[in-house]
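Residue numbers (this note's numbering): 3 to 828.
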């Protein structure tokens, strides 16, 4: 502190204690010193003082000194020390955080939270300010490069979208940032990682540029240097940046796959030996969970199907698929990592028949050996297991059955009497035990899991009707359909009811035989009508009522009329009299308006913070969306043809036209994009060629300097010899011209007499004169050309002299001895 005070005294002068300056006055004088001082040392001292005051008096320094600090960056950019002070001061005044020592009673503590953002907005009024800060990244001096990096991070935190757009259009802006990853100073490299994580958030264009700037290679190099999964937070940052580059970015996903980067992830999945006896460090668990997130970015269900399929294949070939299996079967794995590994494996096998079949054949290392699927389902129906683990197993089972007719058929077969084995626990038995459980979550998980064996598979819907159960040894067997209906009616828990209704709706949809069997159950329809007409509104009961109305609609829609008490007309009459059409439609609409419907319909992976939040399933939401309008139409035909609906249909048609136009524009943009990519590739190739040419010229320049230093260069002497040769040729032609001109003058002064010359001789003399004149003109032209070439060579000679001088050599003219060549001495 005393050093700081002495520094202020040197800048401001010694003050009378009775006239102590306030913070604002001190800042004002320092700013004036920065703006008016002619000596660089004075400006540097003032900037140092402003930097020191910028934390405590941030508002004053920002309000009065921002322009002065920007002026320093523009005018004194050659002085690293003063530039570093200015950058640090700007970083402090635009910081998004409130400093402990900060004082500003006029503003207030709450307002201080937004001061940094306001100063950032002022700074960005001139976008070239950001370009100026970017230019300082080219300076290797730590005093400049590091504060410039910190200032850019601060700007990104405050105004992410604005800075992204500015950097995107800034020449080589992203390239300058990528170069920082190669900095040998770890603090700069690490801060660059944090900056790039911010910069790449939600901006596909920047993500592509960063990826094509060899980001993946550089990140894997850093991960290797840091020790892979045993590394620290730097490895985690590298993986987070990978996630940003890959998430929802098809171009980068293809680039990652085609660049064989999937194989480079393999060392991250090597588990330590004897891991069951070790406690995993929290940082290692975090790193491994982030690696799994990178893999999920490649096989996310939201990705285009072709991209996901090729990445799934690459993951299998690379060995990562088998590594995930090993993690599932290993002991001593932390719960959080195990849960993420199950979710990752789920998406690696989802919709991929090869991976699904391989997964079904995996045996767990147990006695006796059991299928991995059976072991997982045991965990799912076990009430003592953590909720997140149980929900992740459900997702794994759903992904295993997704578009897997073989797996769906196998599951149903495990429930049929002919395939039952007393000594062997099967998937079907585990799901039935879960549905019979007193645990509501087990009911829901098991019912939803079984429903996935019926999706887009009418044959298995009919096969499942053959399943017989004996819940009580003293009672006769009942069908699975009847037992599910009984469980639905006897359950008092909303979650259980919803699970059973999801299973029944999936089972009965598009299957007239299943509807027939259901309508034959004497208490089924009365229960559904009672629920659909109920007015209870507690604990998501409106969702149960809506699903009951939906199930009635399915029974009406897929009714073959074989059950006379409940044929289509009878059911419509029942809805009208017992429930009411308007009430029915209102209850049906409650489903799609429910918050859990909106949440579940966004992604296949069931996500919930608590067990009670698991109510609806992604695939069921798709089924409901597809059949809702059909149910409304069959229950209330006039409803679909009302003026309001006609208007709505017209709007739908208009929206379809808009969508078609947008599709055309999208196709055009896609074509333009592909053209731009090709042009960019050509430019990259051209740039690489230019770099090669530059490298060649640098090598030639270095060779020239080496030759000059060694005294072996002969460029000047060769040129002088050629100049001398041309001079001799010019002199020779000068002599010829003079001789010819003398002969011509002689002939003109002494022409032959008329008496002595015959006309033929006169003609010969005139012809000779004309030839001599033509020869003189030709030689004169040649001489002029030679003189021009001589002048050009002399100019080149002068340029070589200047170049040699620039290379640090001196040249001595040795003209006193009549030698016209120049002596080049190192």
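Ideal placement from N, C-alpha and C gives every residue a C-beta, glycine not left out.
Neighbourhood of residue i by C-beta distance below 8 Å, restricted to the same chain and skipping five residues each side
i: residue 161; result: 119, 122, 123, 126
i: residue 172; result: 132, 133, 136
i: residue 594; result: 626, 627, 630
i: residue 306; result: 252
i: residue 242; result: 199, 292
i: residue 151; result: 139, 182, 190, 193, 194, 197
i: residue 495; result: 442, 445
i: residue 155; result: 193, 196, 197, 200
Beta-carbon proximity list for residue i, same chain, < 7 Å, skipping 5 on both sides
i: residue 429; result: 375, 376, 379, 413, 416
i: residue 564; result: 518
i: residue 348; result: 397, 398, 401
i: residue 468; result: 418
i: residue 215; result: 176, 177, 180
i: residue 405; result: 353
i: residue 203; result: 162, 246
i: residue 357; result: 314, 318, 323, 350, 351
i: residue 103; result: 57, 58
i: residue 552; result: 507, 590, 593, 626, 633
i: residue 455; result: 403, 410, 413, 414, 462
i: residue 522; result: 565
i: residue 143; result: 82
i: residue 532; result: none
i: residue 596; result: 545
Rounded Cβ spacing between residue i and residue j (contact assumed at less than 8 Å)
i: residue 513; j: residue 530; result: Wrong, their Cβ atoms sit about 17 Å apart, outside the cutoff.
i: residue 502; j: residue 480; result: Their Cβ separation, rounded to whole angstroms, is 15 Å, which puts residue 502 and residue 480 out of contact at 8 Å.
i: residue 547; j: residue 534; result: 6 Å
i: residue 570; j: residue 585; result: Rounded, the Cβ-Cβ distance is 20 Å, inconsistent with contact.
Pair within 8 Å by beta-carbon distance, residue i and residue j
i: residue 490; j: residue 437; result: no
i: residue 196; j: residue 169; result: no
i: residue 582; j: residue 636; result: no
i: residue 182; j: residue 190; result: yes
i: residue 213; j: residue 256; result: no
i: residue 338; j: residue 294; result: no
i: residue 250; j: residue 328; result: no
i: residue 471; j: residue 448; result: no
i: residue 505; j: residue 453; result: yes
i: residue 381; j: residue 387; result: yes
i: residue 64; j: residue 149; result: no
i: residue 515; j: residue 464; result: yes
i: residue 320; j: residue 265; result: yes
i: residue 237; j: residue 289; result: yes
Host alpha helix (DSSP H) of residue i (start-end)
i: residue 132; result: 130 to 137
i: residue 339; result: 337 to 351
i: residue 175; result: 175 to 181
i: residue 495; result: Note, residue 495: premise wrong, no alpha helix (DSSP H); not H, not E.
i: residue 91; result: 82 to 95
i: residue 334; result: It is not in any alpha helix (DSSP H) - residue 334 carries neither H nor E in the DSSP assignment.
i: residue 215; result: No alpha helix (DSSP H) contains residue 215, which DSSP labels as neither H nor E.
i: residue 155; result: 144 to 160
i: residue 116; result: Residue 116 -> no alpha helix (DSSP H), and no H or E assigned at all.
i: residue 360; result: 355 to 362
i: residue 460; result: 460 to 466
i: residue 198; result: 188 to 201
i: residue 28; result: 25 to 38
i: residue 43; result: 42 to 55
i: residue 77; result: 60 to 77
Cutoff 8 Å: residue i Cβ touching any chain C Cβ
i: residue 268; result: Annotation note: the requested chain C is absent from the structure, which comprises a single protein chain.
6 Å Cβ shell around residue i - same chain, five flanking residues per side excluded
i: residue 761; result: Confidence at residue 761 is low in this model, with a pLDDT of 46, below 50, so its placement is unreliable and the value that follows should be read with caution. Closer than 6 Å at the Cβ level, and outside the excluded window around residue 761, lies no residue.
i: residue 267; result: none
i: residue 101; result: 57
i: residue 224; result: 240
i: residue 33; result: 66, 67, 70
i: residue 301; result: 310, 313, 314, 349, 350
i: residue 539; result: none
i: residue 165; result: 157, 158
i: residue 716; result: In this predicted model, residue 716 has a pLDDT of only 46, less than 50, meaning its place in the structure is not dependable; the value taken from the coordinates is given anyway. Closer than 6 Å at the Cβ level, and outside the excluded window around residue 716, lies no residue.
Q | Every unbroken alpha helix (DSSP H) within the stretch 526 to 612, with a cutoff of 4 residues, ordered by chain | A | 526 to 534, 543 to 559, 570 to 576, 583 to 595, 597 to 602
Q) In chain order, which alpha helix (DSSP H) runs of at least 4 residues are fully inside the stretch 231 to 313? A) If you keep only unbroken alpha helix (DSSP H) runs of at least 4 residues inside the stretch 231 to 313, you get 235 to 248, 252 to 260, 284 to 301.
Q. Hey, which unbroken runs of the beta strand (DSSP E) at 3 residues or more fall wholly within the stretch 389 to 453?
A. none
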